[in-house]
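*Asks:*
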Ligand code: F6R
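Residue numbers (the working numbering): 101 to 344.
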C-alpha cells in the first residue's frame with residue numbers, strides 16, 4: 101500500500117479522475133468499481149468533464165456499484181443508484197447494460213449477490229476499485245467484524261453507519277441492512293484507491309494506515325494490498341505520523 105497526500109479535495113479528486121481516464125485509455129474494456137457518497141462525488145464530476153473535453157470513448161467500460169441500502173428504491177435521492185444516475189449515467193448517457201448496480205429491492209438478495217460475483221468473475225475481475233471510508237472504518241458496507249474472505253453479501257448495518265447514513269436522505273430513512281461487494285473483491289482487484297478528505301476523516305485515516313490490520317477496522321485491509329493507494333487531502337492526513 102502507498103499513501104498519497106494532496107493539498108485539498110479538488111486536487112485529490114482531479115488525480116482520481118485522471119486515474120480513471122488513463123485506465124480507459126489503456127484498457128477500454130476495463131471493469132471499474134465505484135463507491136458513492138460525498139467523497140467520490142467531485143471525482144465523478146471531474147471525470148464527466150474530462151470525458152466530454154477529450155471526447156473519450158467509454159462505450160466498452162463496465163461499471164459496478166460497490167453497494168446499496170437494502171429496501172431503499174433507486175428513486176430515493178439517498179440511494180447509491182440515484183448517485184450513479186445523477187453523477188455518471190445521465191451526464192455521460194451511459195447505456196444501462198454497461199452499469200451494474202445491486203437491486204436492493206429484490207426479494208432474492210442472495211441471488212443478487214451471486215449475480216454480482218459472477219458478473220465480476222466473467223469480466224475478468226475488477227481493474228480499478230475506488231472506495232471511501234466510513235467513520236467506523238467500513239469500506240462499502242463491510243462493517244466492523246466482517247470477514248476479509250467475503251464476496252458479495254447482505255449485512256446488518258453498524259450503529260455508526262445507521263446514524264451517519266442519514267446525511268444522504270432528505271427525510272428520515274429506515275435503514276437496516278446493506279448489500280455490498282466483499283473485501284475479497286477488494287483484495288482481488290488489480291488496483292484499489294481508498295479516498296478520504298476533511299478533518300473529520302483524520303482519525304480513521306490514521307487507523308487505516310498506521311494501526312494494526314484487523315477486521316474490527318475493515319479499512320486496515322488496505323495495508324495488505326500490493327497495488328493499494330490511500331489518497332487523502334492534507335486535512336485527512338493531519339493526524340498521521342508519516343506525512344510524506
Ligand atoms: C458508499 C460506500 C460507503 C462510503 C463511506 C464514506 O457507496 O461504499 O462505504 O464510501 O461511508 O462516505 P462519504 O464519502 O459520504 O463520507
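Beta carbons: idealized from backbone N, C-alpha and C, even for Gly. Note that the structure is predicted; figures quoted are calculated from it, not measured.
Please tell me whether residue 164 and residue 131 are closer than 8 Å, where the distance is taken between their beta carbons.
*Replies:* On the chain shown, residue 164 is found 64 positions in, with the first residue counted as 1. On the chain shown, residue 131 is found 31 positions in, with the first residue counted as 1. Cβ atoms of residue 164 and residue 131: closer than 8 Å.
*Asks:* Nearest to residue 281 by CA position, among 312, 246, 240, is which residue?
*Replies:* By 1-based counting over the chain shown, the position of residue 281 is 181. Of the candidates 312, 246, 240, the one whose C-alpha sits nearest the C-alpha of residue 281 is 240.
*Asks:* Can you find a heavy atom of the ligand F6R that lies under 7 Å from the Cβ of residue 333?
*Replies:* Within the chain shown, the letter at position 233 stands for residue 333. Result no, Cβ not under 7 Å from the ligand F6R.
*Asks:* Since residue 238 and residue 261 are thought to touch, with beta carbons under 8 Å apart, how far apart are those beta carbons, to the nearest angstrom?
*Replies:* Mapped onto the chain shown, residue 238 falls at position 138. Mapped onto the chain shown, residue 261 falls at position 161. Residue 238 to residue 261, Cβ: 6 Å. Contact.
*Asks:* For the beta strand (DSSP E) that contains residue 280, what are its first and last residues?
*Replies:* Looking up residue 280 in the chain shown gives position 180. Segment 277 to 280, the beta strand (DSSP E) holding residue 280.
*Asks:* By Cβ distance below 6 Å, which residues in the same chain neighbour residue 317 in space, the five residues on each side in sequence not counted?
*Replies:* Translated into the one-based positions of the chain shown, residue 317 becomes position 217. Here the set comprises 237, 307.
*Asks:* If you count every other CB in all the chains shown that lies within 10 Å of the CB of residue 154, and 16 or more means buried, which is it?
*Replies:* Taking the first residue of the chain shown as 1, we reach residue 154 at position 54. Classification of residue 154: exposed, given that the 10 Å Cβ count is below 16.
*Asks:* Is DSSP giving residue 188 helix, strand or coil here?
*Replies:* Walking along the chain shown from the start, residue 188 turns up at place 88. Residue 188: helix per DSSP, three-state reduction.
*Asks:* Are residue 310 and residue 340 touching if we call contact CB-CB under 8 Å?
*Replies:* Here residue 310 refers to the residue found at position 210 when the chain shown is read from its first residue. Here residue 340 refers to the residue found at position 240 when the chain shown is read from its first residue. A contact, by the Cβ cut-off of 8 Å.
*Asks:* Quick one: what does DSSP say residue 158 is sitting in, helix, strand or coil?
*Replies:* The count along the chain shown starts at 1 and reaches residue 158 at position 58. Residue state, collapsed to three classes: coil.
*Asks:* Within the present structure, is the beta-carbon of residue 231 separated from the nearest heavy atom of the ligand F6R by less than 7 Å?
*Replies:* Your numbering for residue 231 matches position 131 in the chain shown. Yes - the ligand F6R has a heavy atom lying nearer than 7 Å to the Cβ of residue 231.
*Asks:* Does at least one heavy atom of the ligand F6R sit under 7 Å from the Cβ of residue 282?
*Replies:* Indexing the chain shown from 1 puts residue 282 at position 182. Checking every heavy atom of the ligand F6R against the Cβ of residue 282, none is found closer than 7 Å.
*Asks:* Residue 248 by DSSP, collapsed to three states: which one?
*Replies:* Here residue 248 refers to the residue found at position 148 of the chain shown. In the structure shown, residue 248 sits in coil (DSSP, three-state: anything other than H, G, I, E or B).
*Asks:* State the DSSP-derived secondary structure class of residue 229, mapped to helix, strand or coil.
*Replies:* Counting from one through the chain shown, the residue named residue 229 turns up at place 129. The answer is strand: DSSP assigns residue 229 an E or B state.
*Asks:* Spatial neighbours of residue 116 within its chain, please: CB distance less than 7 Å, with the 5 preceding and 5 following residues excluded, ordered by chain position.
*Replies:* As a working mapping, residue 116 is identified with position 16 in the chain shown. The residues are 143, 230, 293, 295, 331.
*Asks:* Applying the 10 Å Cβ sphere with the 16-neighbour rule, what's the burial state of residue 270?
*Replies:* What you label residue 270 is simply residue 170 of the chain shown in a count that begins at 1. Exposed, because fewer than 16 other Cβ atoms sit within 10 Å of the Cβ of residue 270.
*Asks:* I want to check one thing, is the minimum distance from the CB of residue 328 to the heavy atoms of the ligand F6R below 7 Å?
*Replies:* Mapped onto the chain shown, residue 328 falls at position 228. Residue 328: no, Cβ never under 7 Å from the ligand F6R.
*Asks:* If residue 290 sits next to residue 225, beta carbons under 8 Å apart, how far is it from one beta carbon to the other, in whole angstroms?
*Replies:* Numbered from its first residue, the chain shown carries residue 290 at position 190. Numbered from its first residue, the chain shown carries residue 225 at position 125. Yes, residue 290 and residue 225 are in contact; Cβ-Cβ is about 7 Å, under 8 Å.
*Asks:* Please identify the residue among 194, 141, 133 whose C-alpha is closest to the C-alpha of residue 112.
*Replies:* The residue you call residue 112 lines up with position 12 of the chain shown. Nearest C-alpha to residue 112: 141.
*Asks:* From 250, 109, 106, 150, pick the residue whose C-alpha is nearest to that of residue 288; which is it?
*Replies:* As a first step, residue 288 must be located in the chain shown, where it is residue number 188. Per the Cα distances, 250.
*Asks:* Identify whether residue 132 lies in helix, strand or coil by the three-state DSSP scheme.
*Replies:* Residue mapping note: residue 132 aligns to position 32 of the chain shown, counting from 1. DSSP places residue 132 in strand when its eight states are reduced to three.
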